[in-house]
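Going down the list, the sequences are from chains A and B. For the first sequence, this note's numbering begins at 1 and goes up steadily by one. For the second sequence, this note's numbering begins at 1001 and goes up steadily by one. Positions of the beta carbon are idealized from the N, C-alpha and C atoms, including for glycine. Please read all numbers here as calculations on a predicted model, not as lab measurements. Okay, structure first, notes after.
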Amino acid sequence: MKTLTVMLKDLRLISRDRFGLVALLAVPIVVIMVIAAATQSGAGSKSILFPIVNDDQGPVATALIRAFNEHLDVREVSRATAHHLVAEANDAPAALILPRELSKRYLAQKPTTVELLTDPAQWQELEAIKVVMLLADRETASLGDPFSQELLRLHERNITGDHVSFSSLDQNIPGFSLMFVLLTLIFSVSLALREEEVSGTSRRLAIAPLPPASLLGGKLLARLIVGTAQLLLLLLFGHFVYGLRLGHSPVAIIVVAAAVVTSMTCFAAVVAAFVRTREQAIPVGLAVAFVLAALGGLFWPLYDLPHAMQSVARLLMTSWSMSAIQDVILRDRNIAGISKELIVLSGYSLAFFAIGLQLFRYGEKAKS
Amino acid sequence: MHRQQLLRKQDYEEDIRSFNAPSPVDNQGERARAVLRIEGLSKSYGAIAAVAGVSFDIREGEVFGLLGLNGAGKTTLISMLATEQRPSAGDAVLLGHSICNERRTVRQMIGVAPQEIALYPMLTTAENLRFMGRIYGIKASELEERVEQLLESIGLAERRDDYVGSLSGGMKRRVNLAAALVHQPKLILLDEPTAGVDPESRDEILKIVRRLRDDGNAIVYTTHYMEEAEHLSDRIGILNSGRLVAAGTLEALREELEFSEVIELTGFTAGIDLTPMRALGQLCRVDRDEKRLRLLVKRAADFLVPLQKIISRSGKSIQLKIMPFSLEDLFLHLARKEVNG
Ligand SMILES: Nc1ncnc2c1ncn2[C@@H]1O[C@H](COP(=O)(O)OP(=O)(O)OP(=O)(O)O)[C@@H](O)[C@H]1O
Ligand SMILES: [Mg+2]
């Protein structure tokens, strides 16, 4: 009941900050538009150089090369040149090696591994290439070629079938939306707590008959509601303006948004405990949000990270958040399909809230 | 040594126990019921003893004026009573409940107006009060009426829907006070409620405090304004470097002194010879500077003859004023006395 009172009061305070509310959506939308303009695949990808080493010289290689050529600046080169273009000159983000006997094995229904030499520094172009490779696969399939899903392996990873069909927008819109929600939450939770100190009201609340959990919980609930609405509106913006898919289940997307934002809100409470002044909120908030976004796969797909970092990423709530959202919007899963992510995110939420509350209590006690 | 500091918990536990027992109905008796008993309350910050073994009672329907210079420990004492800070030693018992061990209960019974304004500038006056009411668990059905009543009593009913941030400093002070009263506390702690307001707002605030007292509330009130404390307080306590150096009614405090009136001579006072007055043997203290001579005496009337001589000799260049020893004089006297040892 008192939690609700604190929440309603904070919601009311939030609603009074008109500029803040507009910025909540306007800033990420502007950034998403810039990113989208810069990374949109299609028109721009024709300028991407894609060296291919054709050791196969068979029909499958020819079909693939024809398909790639529709979207990319394909050049058949020698192994040495390919290596040079990618690794030394950095003119091409990746080169594809179609091995000897590819066609033969393919037609015999035997799987083949095709090697993609990449330059991870050019991740955006690389991503475009991956998208094109996927398109090419589909196009060749539609021509009636017997491309079955298991027969073509990229870097020992199957790029078709179950794997997510990334386009840069599918990655960037949810990724940047999540990043901004996280950033907003870290800022706003830290600032709301400091604001309470500046206005002196934290002293009043500290001596009111109200447990710290209600106080912190109420404040977080208000932020959680705003954050969930922010995330959903950003995804809807992506949907209507850029055609971002939102999956089949509206319930799932709302639930996943709420779960994701809950874990981020509780995390923000932990960060807020370390932000002692309003001025600290900006550098601390930026640093934490960017590191979590970068490691958690919000800026680029996780498979673009080095192996060591990928294992770190799996420990972060941002990577669970991203994969939960992608499960819903790209893999069309319903709530049952993301139950594992929901459980993990709830676990994070509880743990962060407990830690945040402990730190909050400790902070209050330190003052007395 | 500070006697109070040596007071140990065992020493007053007996009192608390007897206090807890239902007492015979003696509200109409000569001594009103003690609402709050402060026993050896202390608070240290490292080497600084902000409050050092303070003990006193506060009774029903009483305003207790707590005076002290900057840094004397007033805010620290108030914040311990408010359960905001934990005492380093000692305890206080509010209607049978310890501020150390029964914080939840005590909090519900206390209203605090902090020294610094503590309100949400982006909520309206009424919203601020309503929020405090809900936090203290006031029923929705009673809250609206209570808020209206408070707004009326602080004279801000017309500003009910204005953001607190847009109110003047004096108005904020009044809202700050009202926010402490929404839940009708038994003990009201006011930390310099008139700091930085104009005389009109101050009168307004003092009127509110008086009304609260008349309703039977117990009020602890800190201030720098001696005059204010003199007019408002039933009893006065003077804090000096964390110690309560005096407590009681103004009359009682005055009686302890060997003088009660001040004779003030202004004008060309340098040449005045005090020998005839000293001969009367009752001159307690002389403060002298270029333009002013202050004589602290038991009874000014005893000095009328020599005074008349002084004045008639000086022509019109000297003015005479006789006044009672004010609280300000008393306070400064006590403060100075302590500092000197
Ligand atoms: N949090 C704190 N940490 C360290 N010292 C403190 C703290 N709070 C108060 N003090 C010290 O305790 C002493 C009493 O301070 P307090 O604020 O109680 O004085 P005060 O009588 O309210 O003064 P004022 O009239 O200026 O409000 C001062 O020496 C002050 O520096
Ligand atoms: Mg003070």
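**Message:** For a test of your reading of the model: does the CB of Ala1050(B) fall under 8 Å from any non-hydrogen atom of ligand 1? Yes or no.
**Reply:** yes
**Message:** So if DSSP puts Met1323(B) in a beta bridge, which residue, or which two residues, is it bridged to?
**Reply:** Val1262(B)
**Message:** Just checking Asn334(A) against ligand 1 - is the residue's beta carbon closer than 8 Å to any of the ligand's heavy atoms?
**Reply:** no
**Request:** Report buried or exposed for Arg1278(B), applying the criterion of at least 16 other Cβ atoms within 10 angstroms of its Cβ.
**Result:** exposed
**Request:** Taking Ser323(A) as the reference, give the member of Ile253(A), Leu234(A), Lys9(A), Val291(A) with the closest Cα.
**Result:** Ile253(A)
**Prompt:** Can you tell me the Cα-Cα spacing of Ser346(A) and Phe267(A), whole angstroms?
**Reply:** For Ser346(A) and Phe267(A), the distance between alpha carbons rounds to 12 Å.
**Asked** Which stretch, first to last residue, makes up the alpha helix (DSSP H) that contains Ile1238(B)?
**Response** It is not in any alpha helix (DSSP H) - Ile1238(B) instead sits in the beta strand (DSSP E) that spans 1235 to 1240.
**Asked** Listing by chain order, which chain A residues have their CB less than 8 Å from the CB of Arg1104(B)?
**Response** Pro209
**C-beta neighbour in chain A for Glu1328(B), strict 9 Å** = no
**Asked** Going by the beta-carbon positions, is the gap between Gly1137(B) and Gln1108(B) smaller than 9 Å?
**Response** At the C-beta level, Gly1137(B) and Gln1108(B) come within 9 Å of one another.
**Request:** To the nearest angstrom, report how far apart Pro1324(B) and Gly1111(B) are at their CA atoms.
**Result:** 35 Å
**Message:** When you compare the CB positions of Val1197(B) and Ile1205(B), do they come within less than 9 Å of one another, or not?
**Reply:** yes
**Asked** Do you know whose CA, among Phe352(A), Val255(A), Ala308(A), Ser202(A), lies nearest Thr228(A)'s CA?
**Response** Residue Val255(A) is the option with its Cα nearest to Thr228(A).
**Message:** Are the CB atoms of Lys1186(B) and Leu1095(B) within a distance shorter than 9 Å?
**Reply:** yes
**Prompt:** Just reading off the alpha helix (DSSP H) that Pro212(A) is part of, what are its end residues?
**Reply:** 212 to 242
**Request:** Apply the 10 Å Cβ neighbour rule to Ala1270(B) and answer buried if 16 or more other Cβ atoms are within range, or exposed otherwise.
**Result:** Answer is exposed; the Cβ neighbour count stays below 16.
**Prompt:** What residues of chain A sit near Ile1205(B), judged by a beta carbon separation below 8 Å?
**Reply:** Here the premise fails: no neighbours, minimum Cβ distance about 18 Å.
**Message:** Shorter than 8 Å, the distance from the beta carbon of Leu1069(B) to the closest heavy atom of ligand 1, or not?
**Reply:** yes
**Request:** Report, in whole angstroms, the separation of the C-beta atoms of Gly1237(B) and Ala1247(B), which I expect to be a contact under 8 Å.
**Result:** 4 Å
**Asked** Skipping 5 residues on each side, what residues in its chain have a beta carbon closer than 8 Å to that of His239(A)?
**Response** Arg245, Leu246
**Request:** Taking only beta-carbon positions, decide if Gln149(A) is within less than 9 Å of chain B.
**Result:** Residue confidence is low: Gln149(A) scores 48 on pLDDT, short of 50, so the model does not pin down where it sits. No coordinate-derived value is stated.
**Local Cβ density within 10 Å of His1231(B), reported as buried at 16 or more and exposed below that** = exposed
**Message:** On the DSSP letters alone, give me the boundaries of the beta strand (DSSP E) that Ile1117(B) sits inside.
**Reply:** Per DSSP, Ile1117(B) belongs to no beta strand (DSSP E) and is neither H nor E.
**Message:** So if I threshold CB-CB distances at 8 Å, which residues from the region 1120 to 1134 of chain B count as touching chain A?
**Reply:** Tyr1120, Pro1121, Met1122, Leu1123, Glu1127, Phe1131, Met1132, Arg1134
**Message:** So if I threshold CB-CB distances at 8 Å, which residues from the region 270 to 283 of chain A count as touching chain B?
**Reply:** none
**Leu330(A) versus Leu25(A) - alpha carbon distance** = 23 Å
**Prompt:** At least one CB of chain B closer than 9 Å to the CB of Leu13(A): is that the case?
**Reply:** yes
**Message:** Using a Cβ-Cβ distance cut-off of 9 Å, determine whether Met1(A) contacts chain B.
**Reply:** yes
**Asked** With a CB to CB cut of under 7 Å and the five nearest residues on each side skipped, what residues in its chain are close to Lys1172(B)?
**Response** Ile1117, Leu1119, Val1164
**Asked** Considering only residues of the same chain and omitting the five flanking positions on each side of Pro28(A), which have a CB-CB separation below 7 Å?
**Response** Short of 7 Å from the beta carbon of Pro28(A), and not among the five residues preceding or following it, lie these beta carbons of its own chain, in chain order: Phe176, Ser177, Phe180, Leu234.
**Residue-chain proximity (Val189(A), chain B), Cβ-Cβ < 9 Å** = no
**Request:** Please confirm if Ile1117(B) has its CB atom under 9 Å from at least one CB of chain A.
**Result:** yes
**Prompt:** For ligand 2, any of its heavy atoms closer than 8 Å to the Cβ of Glu1084(B)?
**Reply:** no
**Asked** At which residues does the alpha helix (DSSP H) containing Thr318(A) begin and terminate?
**Response** 317 to 329
**Request:** Verify the CB distance criterion: does Pro1022(B) have a CB-CB separation below 9 Å to chain A?
**Result:** At Pro1022(B), the pLDDT of 39 sits below 50, so the modelled position is not reliable; the number obtained from the coordinates is stated separately. So, not an interface residue.
**Prompt:** Is Ala1229(B) near Gly1065(B), with beta carbons less than 9 Å apart?
**Reply:** yes
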